[in-house]
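Taking our numbering, I'd label the letters of the sequence shown as residues 154 to 388. Cβ atoms here follow ideal geometry from the backbone N, Cα and C, with glycine treated the same way.
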Amino acid sequence: MTVLILWASGATWKHVVQQVLNEWKKVKAVVRASSSIPDSWKTNSNLTLITASISQMSVDDMVKNLTGCEAVVSCLGHNLTFRGMFLHPRKLVTDAMKLVYAANEKLSSQKQIKIILMNTVANTNRGIKETVSKKQKLVLRLLRTFFPLHLDNEQAADYLRLNPYENWVAVRPDALIDEDTVTEYIAYESPIRDCIFDPWKTSRINVWNFMMRLITEEILWKRWKWKMPVLYNKE
Ligand SMILES: NC(=O)c1ccc[n+]([C@@H]2O[C@H](COP(=O)([O-])OP(=O)(O)OC[C@H]3O[C@@H](n4cnc5c(N)ncnc54)[C@H](OP(=O)(O)O)[C@@H]3O)[C@@H](O)[C@H]2O)c1
154 MTVLILWASG ATWKHVVQQV LNEWKKVKAV VRASSSIPDS WKTNSNLTLI
204 TASISQMSVD DMVKNLTGCE AVVSCLGHNL TFRGMFLHPR KLVTDAMKLV
254 YAANEKLSSQ KQIKIILMNT VANTNRGIKE TVSKKQKLVL RLLRTFFPLH
304 LDNEQAADYL RLNPYENWVA VRPDALIDED TVTEYIAYES PIRDCIFDPW
354 KTSRINVWNF MMRLITEEIL WKRWKWKMPV LYNKE
């Protein structure tokens, strides 16, 4: 099984790299030339590194990267610096999803690729009725207006939701924390608490575990396909 990780140098991917490599025969990982990655990645024969930035990657490049993959996972996120938050590319995650879809269309003869987007609980699934308190709505409106990264996360999920291709899942963690081992976690259709005023924790390693299981367990995939599960560590 081969999985393509889109811009793999972030905290979520790095945290569990060994676990993922143990699980899969092959991983293709896109990183930027400037990304800081462990030296061991460069010599791991199960890991193919692809060095490119989003603006350097054409649809044909993405077709090449996706060829032979069963799944593609995006853990992309804006760096929390002035440049990352406010300068180009402002639609980083949405553009990546568009690129994947355009490439996937060109690969239509192949079996359906699973697309997994790491999204956020702060993004409401507008495809179903989700209850959001008035004060949470207000804060989210401010975030959307002043932080393009939040709008990007919303638009990336909207792009998946409104596209006819149904073989995707957008995983919505709450406040991310680092832990060394997988613990019990629960996936819900919608948030069960206020993500701004009453957040709960989600371990990065649990996010990865859930994503890996989505790729390998067909029953789980069918349960969550075309949905936006919210993931919480079990209390
Ligand atoms: N932090 C939280 O509590 C929280 C909660 C829920 C959801 N989320 C969401 O979860 C996602 C992943 O979070 P994370 O903490 O694992 O992310 P992260 O550590 O910030 O990693 C972001 C990744 O995106 C890459 N990236 C940033 N700008 C890029 C660009 N212009 N071109 C190509 N790649 C670029 C980074 O590459 P470099 O290493 O080269 O910079 C890195 O690989 C994000 O979308 C975030 O919004 C976060």
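* To do: Could you check what DSSP says for M364 in three-state terms: helix, strand or coil?
  => helix
Where N272 and C228 are concerned, what is the direct C-alpha to C-alpha distance, given to the nearest angstrom?
-> 8 Å
Q. P317: beta carbon under 8 Å from a heavy atom of ligand 1?
A. no
Practice prompt. Look up R376 in the DSSP assignment and say whether it is helix, strand or coil.
Written response: Of the three classes helix, strand and coil, the one that applies to R376 here is helix, per DSSP.
Exercise for review: Could you tell me if the beta carbon of N272 falls within a distance shorter than 8 Å of some heavy atom in ligand 1?
Suggested key: yes
- [ ] Spatial neighbours of W379 within its chain, please: CB distance less than 6 Å, with the 5 preceding and 5 following residues excluded, ordered by chain position.
- [x] Closer than 6 Å at Cβ, skipping near neighbours: E319.
* To do: Could you tell me if the beta carbon of A328 falls within a distance shorter than 8 Å of some heavy atom in ligand 1?
  => yes
C-beta contact flag for R325 and L384 at 9 Å:
yes
DSSP on W166, reduced to helix/strand/coil? helix
Q | Beta-carbon contacts of E283 that lie in its chain and below 8 Å, excluding the five residues immediately before and after | A | T277, S343 and P344
Taking its Cβ as the centre, do 16 or more other Cβ atoms sit within 10 Å of H241, making it buried, or is it exposed?
exposed
request  = With DSSP collapsed to three states, give me the class of L270.
outcome  = strand
Check: Within the present structure, is the beta-carbon of T165 separated from the nearest heavy atom of ligand 1 by less than 8 Å?
Finding: Yes.
- Buried versus exposed, by CB contacts within 10 Å (16 or more), T234: exposed
### Message
I'd like to confirm the pairing. Which residues does DSSP put opposite P326 in its beta bridges?
### Response
L384
Stretch-stretch touch, CB-based, cutoff 8 Å, three pairs: the region 327–347 with the region 244–259:
no
Cβ of I207 within 8 Å of any heavy atom in ligand 1?
yes
Could you work out which residue in W177, S162, G163 and W353 is closest to T155 when comparing CA atoms only? W177
Just curious, the alpha helix (DSSP H) that V226 is in, first and last residue? Careful: V226 lies outside any alpha helix (DSSP H), inside the beta strand (DSSP E) at A224 to S227.
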